Each structure stands twice: as C-alpha cells, then as structure tokens.
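Per the working numbering, the very first residue in the sequence shown carries number 1; after that it's consecutive.
The beta-carbon is built from N, C-alpha and C at its ideal position, and this holds for glycine as well.
As the structure is a computational prediction, the values presented were derived from the model and not from experiment.
Single-structure report; data block below.
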Amino acid sequence: MFNDFFHLLFPKTCACCEHILQKHERLVCISCRHQLPLTHFHRYNENTVKKVFYGRIPLINATALLYFRKKGITQRLIHQLKYKGNQEISAFLGNWLGEELQTCEWKNDIDLVIPVPLHRKRLRSRGYNQVEGFGKALASTLNCNYLDNVLIKKAPSRTQVFKSRIARTELKDNYFKLQHTNTVKGKHILLVDDIVTTGSTLETCASILLNIPETKISIATMAITV
1 MFNDFFHLLF PKTCACCEHI LQKHERLVCI SCRHQLPLTH FHRYNENTVK KVFYGRIPLI
61 NATALLYFRK KGITQRLIHQ LKYKGNQEIS AFLGNWLGEE LQTCEWKNDI DLVIPVPLHR
121 KRLRSRGYNQ VEGFGKALAS TLNCNYLDNV LIKKAPSRTQ VFKSRIARTE LKDNYFKLQH
181 TNTVKGKHIL LVDDIVTTGS TLETCASILL NIPETKISIA TMAITV
C-alpha cells in the first residue's frame, strides 16, 4: 500500500517518452520498448558492427543492441543515461542484450568483460561510467568477470557521437594504459561501450588489449549509429 501511495505522489516516467509508467513497466514503457530499433546482429557473425572494423583489428565477434539515429528514440534513451543521471538504463540495456545473446553459442567462449574507460575528470563530473551497468549485466549473464581496472584512460577527450571523422581519428594509443595484465593474458575479452560511430575509440582500446599475449577480442555496444 505504501508503494502504491509513493508511486502516486512520485510517479516514474518512461526514459524515452516521459509518459508515466504503469506498475508493471520498468524504465521504458511497453510502447517505446517495441519502437526501440533492435539490430539482431548477434545472430550473424558477419554484421555491420564487425564490418566497421574490417582490416583494422581482428575480432572474434561483434554486436550492438540498437540502431542509433540522430533525434531518434535510441538517442533519447542514451541521452537520459549519459546526461540526465538515469544510471539504471545501463543495466537495463545490458540485461536486454544478455537475454538476446542466450541463443548464441559464441557467448560461452567469453572469459572477461572490460569497459571502455572514462578519464577520471569525466568520471568525477558525471559520477559514473555509463557503460558500467551494461558491462556488469552482460558479465552476470555470461557468467564471467567484469574488470574495470585493466584498461585505464590517461587523457580526456570530447564525446565521439557526431564528431567529424577527422577529429575522431585523432585518438592515440597513449590516451590509454594497461595494468594488471596478468589477469587478462590468454583470455577472450568482451570489450563494451555505449555507441559505435566510426569505431576509433573501440579500435584503440582493442589494439592495446591485443598487445597482451594470447588475448582475443569481441565487442558489444548499446547501439550503433546509422
């Protein structure tokens, strides 16, 4: 009864359309959930995400949960996560992708989940890494460890979404560093991030991780720009 009264006074709203959620709805209303554009890339080894990295880095597999279009419903959802403090969206998307991956045999080969890191200044100003909940939810679904102390960002950079292609390619290997590499050697790593644009950040991070002997890389993101 108290929960019903609290919900009446402080109703939760959909992270996409901001309409009041029904008691059985969580974060996103049923209508918006059906509108969110799923990619289904996990069903196909040769998919759009993997093609982004052809000739750049060797990947075992790659996937993204949603398509990201400017001013589209996915952008509204990610905006709530990154700039409005709605951290629950991260785990919500991680659990969703985790459910989708249950049909994939390759998920059983993943040993570790590692997030693309935030620089400490960005982490301090935002208060959280928007990829953390996503990565932890995937690690839980895949029954493997989540490690955020291996890949560290040394220098800050501006957001990559809709930045010019030239600006995006300016990411350098020395923006990041590795530590505790003994925990990663010989492992199949699932590298996770929020959005794939040109893939420069993920390419840089994957290239650094591949310097660790006998490692393999797959990629999973919340969305990919189209």
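Could you check if residue i is buried or exposed, using at least 16 other CB atoms within 10 Å of its CB as the buried criterion?
| i | result |
| --- | --- |
| E18 | exposed |
| I166 | Annotation note: pLDDT 44 at I166 (below 50); position unreliable, coordinate value reported separately. Burial call: exposed. |
| A137 | buried |
| Q102 | exposed |
| N129 | buried |
| G127 | exposed |
| V227 | Lying before the first or after the last residue shown, residue 227 is absent from the chain, which here runs from 1 to 226. |
| P115 | buried |
| Q80 | buried |
| S164 | Below a pLDDT of 50, predicted positions are generally treated as unreliable, and S164, at 48, falls in that range; no measurement from the model is reported. |
| E214 | exposed |
I'd like to confirm the pairing. Which residues does DSSP put opposite residue i in its beta bridges?
| i | result |
| --- | --- |
| V28 | R26 |
| F41 | None, per the DSSP bridge assignment. |
| I152 | K177 |
| N145 | L112 |
| I20 | T13 |
For the alpha helix (DSSP H) holding residue i, just list the boundary residues, first then last.
| i | result |
| --- | --- |
| K136 | 132-142 |
| D206 | The displayed chain sequence assigns Ala, not Asp, to residue 206. Where A206 is concerned, the enclosing alpha helix (DSSP H) stretches over 200-209. |
| H92 | The question names His, but residue 92 is Phe in the sequence shown. Where F92 is concerned, the enclosing alpha helix (DSSP H) stretches over 88-100. |
| V52 | 48-52 |
| I110 | I110 -> no alpha helix (DSSP H), and no H or E assigned at all. |
| T13 | Run containing T13: none; DSSP gives neither H nor E here. |
| C128 | According to the sequence provided, residue 128 is Tyr. The question's Cys does not apply to it. Careful: Y128 lies outside any alpha helix (DSSP H) and carries neither H nor E. |
| L36 | Counting along the chain, L36 falls outside any alpha helix (DSSP H), and DSSP gives it neither H nor E. |
| L59 | Counting along the chain, L59 falls outside any alpha helix (DSSP H), and DSSP gives it neither H nor E. |
| K82 | 73-83 |
Compute the Euclidean distance between the alpha carbons of residue i and residue j, then round it to the nearest angstrom.
| i | j | result |
| --- | --- | --- |
| Q160 | S207 | Residue confidence for Q160 is low, a pLDDT of 47 falling below 50, so the modelled location carries little weight; the figure read from the coordinates is stated next. So the two alpha carbons sit approximately 18 Å from each other. |
| N86 | F41 | 26 Å |
| T201 | K216 | 17 Å |
| E203 | V196 | 10 Å |
| F68 | C104 | 23 Å |
| W106 | N61 | 8 Å |
| L210 | E100 | 27 Å |
Looking at the unbroken beta strand (DSSP E) that takes in residue i, where does it start and where does it end?
| i | result |
| --- | --- |
| K216 | 216-225 |
| V196 | 188-196 |
| Y67 | 62-68 |
Tell me whether residue i counts as near the ligand SAM, meaning its Cβ is closer than 8 Å to at least one heavy atom of that ligand.
| i | result |
| --- | --- |
| F134 | For the structure depicted, the ligand SAM is absent and the ligand set is empty, with no information on it obtainable. |
Any beta carbon of chain D sitting closer than 9 Å to that of residue i?
| i | result |
| --- | --- |
| L138 | Judged by its chain identifiers, the structure shown contains no chain D, having just a single protein chain. |
key: the segment 45-58 in contact with the segment 112-122 per 3-pair CB rule at 8 Å   = no
ask   = Between the segment 30-41 and the segment 173-187, are three or more C-beta pairs nearer than 8 Å?
value = no
Meets three-Cβ-pair contact criterion under 8 Å: the segment 69-89 and the segment 107-114 = no
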